[in-house]
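*Asks:* Let me give you the structure first, and then I'll get to my questions.
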Amino acid sequence: MPLFGQDRLYGSVLSAYIEASKERLYKESAKTGYKNDESECNTIKNADSGPEYSAVKAYIQHATGKTKEALKAAEELAASKPDNATVQLLAGSVLQSEGKTEEALALLSQHQGNLEAAALIVQIHLQQNRTDLALKEVLAAKKWAQDNLLINIAESWVALKVGGEKYQEAFYVFEEIAQAPSGAATLALLSQAVSEIHLGRFEEAEAALSQAIKQFPENADVIANMAVLSILSGKDRSEYVQ
28 MPLFGQDRLY GSVLSAYIEA SKERLYKESA KTGYKNDESE CNTIKNADSG
78 PEYSAVKAYI QHATGKTKEA LKAAEELAAS KPDNATVQLL AGSVLQSEGK
128 TEEALALLSQ HQGNLEAAAL IVQIHLQQNR TDLALKEVLA AKKWAQDNLL
178 INIAESWVAL KVGGEKYQEA FYVFEEIAQA PSGAATLALL SQAVSEIHLG
228 RFEEAEAALS QAIKQFPENA DVIANMAVLS ILSGKDRSEY VQ
């Protein structure tokens, strides 16, 4: 029985990063005169605003459906400013989203202690089913990031992929995040629930998913996993299956 959204547990580091870093992104946008709005995508108010501005613009273009423009900009940035951390993360994400995996990895691999870039490399390798390379990236990052939360999360993504006794290790990390004052977000709760399901702890998984569905009643991954859990535990799933 598939656990819906499990791939996205390790496949959405960029969106999580953007959410956690909105203030920083908005400050960069404001500094360069760019707004996070589709209507602004065709207007450059400061032509000398630098690669950060261009990377933000490319990412927003991609998010608003202007994929061709975004891909072209990302490729140009990767060629001209590969050492820029913002370019690595945002242009790398656009490249990966458009199927340019090798180009994305080549760009991201040039990071110098960029936690988000390291985490994005991990999720790309997991999407490739290259758990060995994902683990290698995690272990390399832990040498300089030590107990950084993002790297711990990335290691937990790998644990979910490996399975077995690693499920328990992943659970501990996601439980800690979900219980933190600012940690009760969809990703943390869903990750915790998926870990619980794999461990056969259906009641605990239901508690986490119930909390998630109260906060995010329209989230497709939460609803789908609630349906899967209902099937596995022999409960009525009609509420979650239409």
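Quick note: the sequence shown, position 209, residue 236 per the working numbering, numbers continuous.
We put the beta carbon where it would ideally sit given N, CA and C, even for glycine.
Can you give the beta carbon distance from Ile250 to Ile240, rounded, assuming they're within the 8 Å contact cut?
*Replies:* Sure, about 7 Å apart at Cβ, within 8 Å.
*Asks:* With distances taken between CB atoms, is the gap from Ala215 to Phe201 smaller than 7 Å?
*Replies:* Contact: yes.
*Asks:* Taking DSSP as the reference, what is the three-state secondary structure of Glu50?
*Replies:* Caution applies to Glu50, whose pLDDT of 46 falls short of 50 and renders its modelled position unreliable; the model cannot decide the point.
*Asks:* Report buried or exposed for Lys262, applying the criterion of at least 16 other Cβ atoms within 10 angstroms of its Cβ.
*Replies:* Flag for Lys262 reads exposed.
*Asks:* State the CB to CB distance for the pair Ala270 and Ala101, rounded to an integer number of angstroms; the pair is presumed to be in contact (CB under 8 Å).
*Replies:* Absent from the model: residue 270. The displayed extent of the chain is 28 to 269, so no value can be given.
*Asks:* In terms of residue numbering, what span does the alpha helix (DSSP H) encompassing Pro109 cover?
*Replies:* Unbroken run through Pro109: none, as it is neither H nor E.
*Asks:* In chain order, what residues of the same chain lie with their CB nearer than 6 Å to the CB of Leu116, ignoring the 5 residues before and after it?
*Replies:* For Leu116, where only same-chain residues beyond five positions count, the Cβ hits under 6 Å are Glu143, Ala144.
*Asks:* Only counting runs of 4 or more residues, tell me where the alpha helix (DSSP H) segments fall wholly within the stretch 156-224, in order along the chain.
*Replies:* List check, alpha helix (DSSP H) in window: 158-172, 176-189, 193-206.
*Asks:* Could you give the distance in angstroms between the alpha-carbon of Gln195 and the alpha-carbon of Phe229?
*Replies:* Looking at the two C-alpha atoms, the distance is approximately 14 Å.
*Asks:* Taking Phe198 as the reference, give the member of Asn141, Ala232, Asn156 with the closest Cα.
*Replies:* Considering only alpha carbons, the answer is Ala232.
*Asks:* Can you list, in chain order, the residues of its chain whose CB lies under 8 Å from that of Leu236, leaving out five sequence neighbours each side?
*Replies:* Excluding residues within five positions, the ones whose Cβ falls inside 8 Å are Leu216, Leu217, Ala220, Val249, Asn252, Met253, Leu256.
*Asks:* Less than 7 Å separating the beta-carbons of Ile178 and Ala186?
*Replies:* No, they are not a contact pair.
*Asks:* Tell me where the alpha helix (DSSP H) around Leu256 begins and ends.
*Replies:* Here the alpha helix (DSSP H) through Leu256 covers 247-259.
*Asks:* Just to confirm, is the Cβ distance from Lys108 to Pro78 under 7 Å?
*Replies:* Their beta carbons are under 7 Å apart, which means Lys108 touches Pro78 by this criterion.
*Asks:* Are the CB atoms of Ala167 and Leu134 nearer to each other than 7 Å?
*Replies:* Contact: no.
*Asks:* Given a cut-off of 7 Å on the beta-carbon distance, is the pair Val121 and Ala90 in contact?
*Replies:* Not in contact: Val121 and Ala90 (Cβ atoms no closer than 7 Å).
*Asks:* Please go through the same chain and pick out, in chain order, the residues whose beta-carbon is closer than 8 Å to the beta-carbon of Ile151, but skip the five residues on each side of it.
*Replies:* Once the five neighbours on either side are set aside, the close Cβ partners of Ile151 are Gln123, Thr128, Ala131, Leu132, Leu135.
*Asks:* In the DSSP assignment, the alpha helix (DSSP H) including Gly140 goes from what residue to what residue?
*Replies:* No alpha helix (DSSP H) contains Gly140, which DSSP labels as neither H nor E.
*Asks:* Count the other CB atoms within 10 Å of the CB of Glu223; is the residue buried (16 or more) or exposed (fewer)?
*Replies:* By the neighbour-count rule (16 or more Cβ atoms within 10 Å), Glu223 is buried.
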